[in-house]
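Engineer:
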Amino acid sequence: MATAAAITIIGLVIGVLLGLLGGGGAILAVPALVYIIGLPVTQAIPMSLIVVAAAATTGAYPRFRKKLINWRLAAIFAAAGMPAAALGTVVGRAVPQDILLAGFAVVMIAAGIRMLRKPDHVGTACTVVDSRTGVAKVNWRRCSSRSIPAGIGVGFVTGMFGVGGGFLVIPALVLLLGITMPVAVGTSLVVIAANSAAGLLGYIGSVSLDLKITALFTAAAIVGSLVAGRFSTKISAQRLQRWFAYLVFVIAFGISAELIVRTILEAT
Numbered sequence: 586m587a588t589a590a591a592i593t594i595i596g597l598v599i600g601v602l603l604g605l606l607g608g609g610g611a612i613l614a615v616p617a618l619v620y621i622i623g624l625p626v627t628q629a630i631p632m633s634l635i636v637v638a639a640a641a642t643t644g645a646y647p648r649f650r651k652k653l654i655n656w657r658l659a660a661i662f663a664a665a666g667m668p669a670a671a672l673g674t675v676v677g678r679a680v681p682q683d684i685l686l687a688g689f690a691v692v693m694i695a696a697g698i699r700m701l702r703k704p705d706h707v708g709t710a711c712t713v714v715d716s717r718t719g720v721a722k723v724n725w726r727r728c729s730s731r732s733i734p735a736g737i738g739v740g741f742v743t744g745m746f747g748v749g750g751g752f753l754v755i756p757a758l759v760l761l762l763g764i765t766m767p768v769a770v771g772t773s774l775v776v777i778a779a780n781s782a783a784g785l786l787g788y789i790g791s792v793s794l795d796l797k798i799t800a801l802f803t804a805a806a807i808v809g810s811l812v813a814g815r816f817s818t819k820i821s822a823q824r825l826q827r828w829f830a831y832l833v834f835v836i837a838f839g840i841s842a843e844l845i846v847r848t849i850l851e852a853t
């Protein structure tokens with residue numbers, strides 16, 4: 586019962602954050618599953634990928650209805666990121682659990698720093714924003730040199746650590762390509778769903794998951810994402826993102842401290 590309640594709460598939180606911010610919430614999934622639920626990293630990562638893919642797809646739907654998704658850019662990021670996600674899965678499965686957790690802590694710190702940075706300028710050399718719809722039209726020749734490497738990096742991180750990568754996608758869309766923030770969030774959710782699905786393929790047949798926990802976790806994240814989608818325009822996303830970044834720092838340092846203490850104890 587306690588495990589079911591904890592899974593439900595974690596799923597709701599991740600879904601809400603994905604729905605509001607277009608990314609970031611998924612970075613809580615793996616440490617929560619490892620340190621709260623007690624799952625090994627090898628099970629936490631594929632379970633996280635399932636939940637992230639489902640919640641991101643759900644969160645993208647209301648933005649699809651509002652035409653706040655740049656499908657061409659999403660396709661470029663996904664095409665570059667999905668093979669990289671599959672490669673990241675292979676690498677992640679070959680890395681020892683403690684090293685993987687240490688790397689995850691580094692990714693969390695990088696994510697927190699990204700979330701605290703204000704997008705005070707945009708790379709308008711790549712895009713022209715339609716004043717009626719807010720959707721950016723892309724200059725493909727100028728954008729490909731930026732979007733393809735960014736897509737590969739995001740995909741690899743997704744596959745290796747079981748995170749959506751939205752904390753990387755959104756800065757790339759806003760700062761490098763000049764996409765407006767509402768469209769960046771919607772586009773990010775599509776990319777997250779595609780990369781998470783690609784990363785999950787590497788675990789099929791090799792990892793046994795608790796289907797009841799996975800289903801409950803996924804359902805809670807979907808509900809959270811739907812709720813967030815309804816209230817996304819009424820909540821200060823920037824303030825939420827700032828406080829969420831602080832939480833990410835605390836968790837990252839907690840993981841690092843636990844690894845250091847355990848290493849010292851095992852050495853003595």
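Okay, so the sequence shown: first residue is 586 according to my numbering, each after it adds one.
Ideal Cβ placement from N, Cα and C applies to all residues, glycine included.
(1) Please list, in chain order, all residues of the same chain as Ile694 whose beta carbon is under 6 Å from its beta carbon, the five residues on each side excluded.
(2) So, helix, strand or coil for Ser841, using DSSP?
(3) Just reading off the alpha helix (DSSP H) that Gly784 is part of, what are its end residues?
(4) May I ask you to report which of helix, strand or coil DSSP gives Arg702?
(5) If you run the structure through DSSP and keep just helix, strand and coil, what is Ile595?
(6) Please classify Ile616 as buried or exposed, where buried requires at least 16 neighbouring CB atoms within 10 angstroms.
(7) Since Pro616 is in the alpha helix (DSSP H), which residue starts that stretch and which ends it?
(8) If you measure between the beta carbons of Phe746 and Val636, is that distance less than 7 Å?
(9) Could you work out which residue in Val739, Val833, Ala813 and Lys652 is closest to Ala671 when comparing CA atoms only?
(10) Please identify the residue among Arg702, Thr588 and Thr593 whose C-alpha is closest to the C-alpha of Ser810.
(11) According to DSSP, simplified to helix, strand and coil, what is Lys652?
(12) What whole-angstrom Cβ distance do Leu653 and Pro767 have, given they're in contact under 8 Å?
(13) Assuming Phe834 and Gly697 make a contact with CB atoms under 8 Å, what is their CB distance in whole Å?
(14) Would you call the CB atoms of Ala663 and Val812 closer than 7 Å?
(15) Based on Cα-Cα distance, which residue from Leu605, Ala589, Ala687 and Arg702 lies nearest to Pro756?
(16) Only counting the same chain, and skipping five residues up and downstream in sequence, which positions put a Cβ closer than 7 Å to that of Leu685?
(17) With 16 other CB atoms within 10 Å as the buried threshold, where does Gln628 fall?
(18) Given a cut-off of 7 Å on the beta-carbon distance, is the pair Ala640 and Gly688 in contact?
(19) Give the list of continuous beta strand (DSSP E) stretches no shorter than 3 residues that lie fully inside the region 630-696.
(20) Give me the Cα-Cα distance between Thr642 and Ala769, rounded to the nearest whole angstrom.
(21) With a 10 Å radius around its C-beta and 16 neighbouring C-beta atoms as the bar for buried, classify Thr848 as buried or exposed.
(22) Of the residues Ile612, Tyr620, Asp683 and Asn655, which one's Cα is nearest the Cα of Glu535?
Structural biologist: Per the coordinate set shown:
(1) As a first step, residue 694 is located in the sequence shown; it is residue number 109 there, counting from the start. Result list for Ile694: Ala837, in chain order.
(2) By one-based count along the sequence shown, residue 841 stands at place 256. In this structure, Ser841 counts as helix in the three-state DSSP scheme.
(3) Position 199 of the sequence shown, counted from the first residue, corresponds to residue 784. Met766 to Leu786 is the extent of the alpha helix (DSSP H) around Gly784.
(4) What you label residue 702 is simply residue 117 of the sequence shown in a count that begins at 1. In this structure, Arg702 counts as coil in the three-state DSSP scheme.
(5) Taking the sequence shown and counting its residues from 1, one reaches residue 595 at position 10. Helix, per DSSP.
(6) For this step, residue 616 is matched to residue 31 along the sequence shown. Note that residue 616 corresponds to Pro in the displayed sequence, not to Ile. Pro616 comes out buried.
(7) Taking the sequence shown and counting its residues from 1, one reaches residue 616 at position 31. Segment Ala614 to Ala617, the alpha helix (DSSP H) holding Pro616.
(8) Start at 1 with the first residue of the sequence shown, and residue 746 comes out as number 161. Start at 1 with the first residue of the sequence shown, and residue 636 comes out as number 51. Taking 7 Å as the Cβ cut-off, Phe746 and Val636 do not qualify as a contacting pair.
(9) Looking up residue 671 in the sequence shown gives position 86. Of the candidates Val739, Val833, Ala813 and Lys652, the one whose C-alpha sits nearest the C-alpha of Ala671 is Val739.
(10) Reading the sequence shown from its first residue, position 225 is the one you call residue 810. Comparing Cα positions, the closest option is Thr593.
(11) As a working note, residue 652 is residue 67 in the sequence shown. Residue state, collapsed to three classes: coil.
(12) Counting from one through the sequence shown, the residue named residue 653 turns up at place 68. Counting from one through the sequence shown, the residue named residue 767 turns up at place 182. Right, their Cβ atoms sit about 5 Å apart.
(13) One-based indexing of the sequence shown puts residue 834 at position 249. One-based indexing of the sequence shown puts residue 697 at position 112. Indeed, because the Cβ distance is near 5 Å, the residues count as touching under 8 Å.
(14) Looking up residue 663 in the sequence shown gives position 78. Looking up residue 812 in the sequence shown gives position 227. No. Outside cutoff.
(15) Within the sequence shown, the letter at position 171 stands for residue 756. The candidate whose alpha carbon is nearest that of Pro756 is Arg702.
(16) By one-based count along the sequence shown, residue 685 stands at place 100. Within the same chain, Leu685 has close Cβ partners Val626 and Gly677.
(17) Counted from its first residue, the sequence shown places residue 628 at position 43. Its Cβ being crowded by 16 or more others within 10 Å, Gln628 is buried.
(18) Reading the sequence shown from its first residue, position 55 is the one you call residue 640. Reading the sequence shown from its first residue, position 103 is the one you call residue 688. Contact: no.
(19) none
(20) Start at 1 with the first residue of the sequence shown, and residue 642 comes out as number 57. Start at 1 with the first residue of the sequence shown, and residue 769 comes out as number 184. Computed Cα separation, rounded: 15 Å.
(21) As a first step, residue 848 is located in the sequence shown; it is residue number 263 there, counting from the start. With fewer than 16 other Cβ atoms within 10 Å, it is exposed.
(22) Nothing can be reported for residue 535, as the shown portion of the chain is limited to 586 through 853.
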